[in-house]
Each structure stands twice: as C-alpha cells, then as structure tokens.
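**Q**
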Amino acid sequence: MSPRPLQPGLPVSDVRALLDRLPARALLVLDEAYRLYADAADVPDGVAELRRNPRVLVLRTFSKTYGLAGLRVGYLLADAAIIDVLARVRDVFAVNAMAQAAAVAALADEDHLARTLDTNRQGRVLLSAACAERGLDCPSSEATFVWLDTGTAADAVWDRLLEHGVVTRNGAMWAAPRHLRVTVGISAQVERFVAALDESLAG
41 MSPRPLQPGL PVSDVRALLD RLPARALLVL DEAYRLYADA ADVPDGVAEL RRNPRVLVLR
101 TFSKTYGLAG LRVGYLLADA AIIDVLARVR DVFAVNAMAQ AAAVAALADE DHLARTLDTN
161 RQGRVLLSAA CAERGLDCPS SEATFVWLDT GTAADAVWDR LLEHGVVTRN GAMWAAPRHL
221 RVTVGISAQV ERFVAALDES LAG
C-alpha cells in the first residue's frame, strides 16, 4: 500500500476500456497532479481523452511541478455542459487574485518547469540507486517522492531521521509500518538523507 500512486496511473488502453464499461451517466475523473513527472511512454493524456469523450474530467494543480502549493490553485478541464453545472455550486471566491496571477506567471515560465522536472528526475535516480545499494525495496517512482521499505519498523527510523533534521512521512499512517515516504530533493538533499538513513538504520 502506498500513500499515493508512484506511477502515472493506468495505461491509455485501460483508461479507455474503463470508460467504455462505465454507465452512460457516469463520469471519469483523471487526477493529473503528478502527470508532468511521468516518463512512461503510455501515460494517459487527460486533454486528449477529454477530446475523445465528453464524460472525462481532468484535474490539474500548480502545487507540484510549479511549486505553488501554498496558494492552493489548480484547475478543471471538462465539457462545457459539465462546467456549467459545476459553476452553479462552486465557491465563488475559492482562488484569490494573487494565486491566479501566480498561476498565469507559472505557465509562462517554461525554463523553471524544465529545471524542476530535470531536478526531480535526477533525484529519483539517486534515491533509487542508493536504496538498491543498501538492499532496500524502493519501487520505481514517477512522482515527487519514493516509497521506501526500510526493512524494519519505520517508527524508529523516522524518529532517528528527525534527530538528524531530516523529515519524511511515516508509512504507519497508511497501514504500512515498515515504509517511509521520502520526498525527492536536489542532489545535496538526497545525499544528506542517505547519510542520515545509514545512521538511522544502524541504530
């Protein structure tokens, strides 16, 4: 069990098959918060699927790739008829003017986006390699974190990491008491985490 998908989701063929099996009145919502981090070849593109079928809704956020988590801004892509219904019940002032301005500016900053994705990709490789060298199970990730099986009770490892000033998420909250959710950082942060992990696992 993991806190969120490490992979970008079902292949395109499975998404389309699922949509075909849904009742005619049902909608399919694709959460694409981590989509830009995915390198897999068969990653569904919500916009393309929406163009194929108006029953698809696509959720995207500026919290991850664009680094605007504190502003709580994102958007929905859907058929005009669905948007019309949702607009009648939405919170009128859900996103403030500052968040909207930041989101528009973020869309224009393609260099920042490219650096963010490249940094994350490099960090995932470093983290995965370090775990493999230590014989720790760490499934391939296409998100902003890795899901690390510590091989022991994660509570103790989590506490020791905190003593080193390294903050992770304890898998116990997801009924995975041996796991840690480790956010990917720049190479120096990955190296710091690995050094702290070695000491923490050593007890």
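Position in the sequence shown counted from 1, then plus 40, gives you my numbering. Quick reminder that beta carbons are idealized off the backbone N, C-alpha and C, glycines included.
State the DSSP-derived secondary structure class of F185, mapped to helix, strand or coil.
**A** Here residue 185 refers to the residue found at position 145 of the sequence shown. Strand.
**Q** Please give me, in chain order, every unbroken run of the alpha helix (DSSP H) with length at least 4 that falls completely inside the segment 106-163.
**A** 120-127 and 137-148
**Q** Looking at C-alpha atoms only, which residue of D124, L237 and D119 is the closest neighbour of G86?
**A** Here the question's residue 86 lines up with position 46 in the sequence shown. For G86, the nearest C-alpha among the options comes from D119.
**Q** Between L97 and the rest of its own chain, which residues show a CB-CB distance below 6 Å, the 5 nearest in sequence each way excluded?
**A** The count along the sequence shown starts at 1 and reaches residue 97 at position 57. Taken in chain order, the residues that qualify are L67, V69 and A118.
**Q** Whole angstroms is fine: what's the gap from Q140's alpha carbon to S240's?
**A** One-based indexing of the sequence shown puts residue 140 at position 100. One-based indexing of the sequence shown puts residue 240 at position 200. The straight-line gap from Cα to Cα measures roughly 42 Å.
**Q** Rank R56, A196 and R161 by C-alpha distance to the C-alpha of S180 and give the top, closest one.
**A** Taking the first residue of the sequence shown as position 1, residue 180 is located at position 140. Nearest of R56, A196 and R161 to S180, Cα basis: R161.
**Q** Using 9 Å as the threshold, is the C-beta distance between L237 and V206 below it?
**A** Working through the sequence shown from its first residue, we reach residue 237 at position 197. Working through the sequence shown from its first residue, we reach residue 206 at position 166. Yes, the pair counts as a contact, with Cβ atoms nearer than the cut-off.
**Q** Counting C-beta neighbours from all protein chains within 10 Å, is the total for A235 16 or more, i.e. buried, or is it exposed?
**A** On the sequence shown, position 195 is the one that residue 235 refers to. When all chains shown are included, A235 counts as exposed.
**Q** Cutting at 6 Å between CB atoms, please list the residues of its own chain near S103, excluding the five before and the five after it.
**A** Here residue 103 corresponds to residue number 63 of the sequence shown, with the count starting at 1. So the qualifying residues of the chain are A109.
**Q** Could you check how far apart the C-beta atoms of V230 and G175 are, in whole angstroms? I think they sit under 8 Å.
**A** By 1-based counting over the sequence shown, the position of residue 230 is 190. By 1-based counting over the sequence shown, the position of residue 175 is 135. Their Cβ separation, rounded to whole angstroms, is 18 Å, which puts V230 and G175 out of contact at 8 Å.
**Q** Checking the sheet assignment: what are the DSSP bridge partners for L220?
**A** Taking the first residue of the sequence shown as 1, we reach residue 220 at position 180. In the DSSP output, where bridge partners are listed per residue, L220 has L188 and N210.
**Q** Report the CB separation of E182 from A64 in whole angstroms; it is logged as a contact under 8 Å.
**A** Translated into the one-based positions of the sequence shown, residue 182 becomes position 142. Translated into the one-based positions of the sequence shown, residue 64 becomes position 24. Taking the Cβ atoms as the reference, E182 lies roughly 32 Å from A64, outside the contact range of under 8 Å.
**Q** Can you name, in chain order, every residue of its own chain whose Cβ lies under 6 Å from the Cβ of C178, other than the five neighbours on each side?
**A** Your numbering for residue 178 matches position 138 in the sequence shown. Correct list, in chain order: S168, C171, V186 and L188.
**Q** Taking just the CA atoms, how far does T223 sit from W198?
**A** Within the sequence shown, residue 198 is the residue found at index 158, counting from 1. Within the sequence shown, residue 223 is the residue found at index 183, counting from 1. Each residue's alpha carbon lies about 14 Å from the other.
**Q** Which residue from A216, I123 and R128 puts its Cα closest to that of T190?
**A** In the sequence shown, residue 190 corresponds to position 150, counting from 1. When each option's Cα is compared against that of T190, the closest is A216.
**Q** If distances are taken between C-alpha atoms only, which option among M138, W214, R56 and E150 comes closest to R91?
**A** Here the question's residue 91 lines up with position 51 in the sequence shown. Comparing C-alpha distances from R91 to each of M138, W214, R56 and E150 shows the shortest one belongs to R56.
**Q** For R100, which three-state DSSP category applies?
**A** In the sequence shown, counting from the first residue as 1, residue 100 sits at position 60. Looking at R100 - three-state DSSP - the assignment turns out to be strand.
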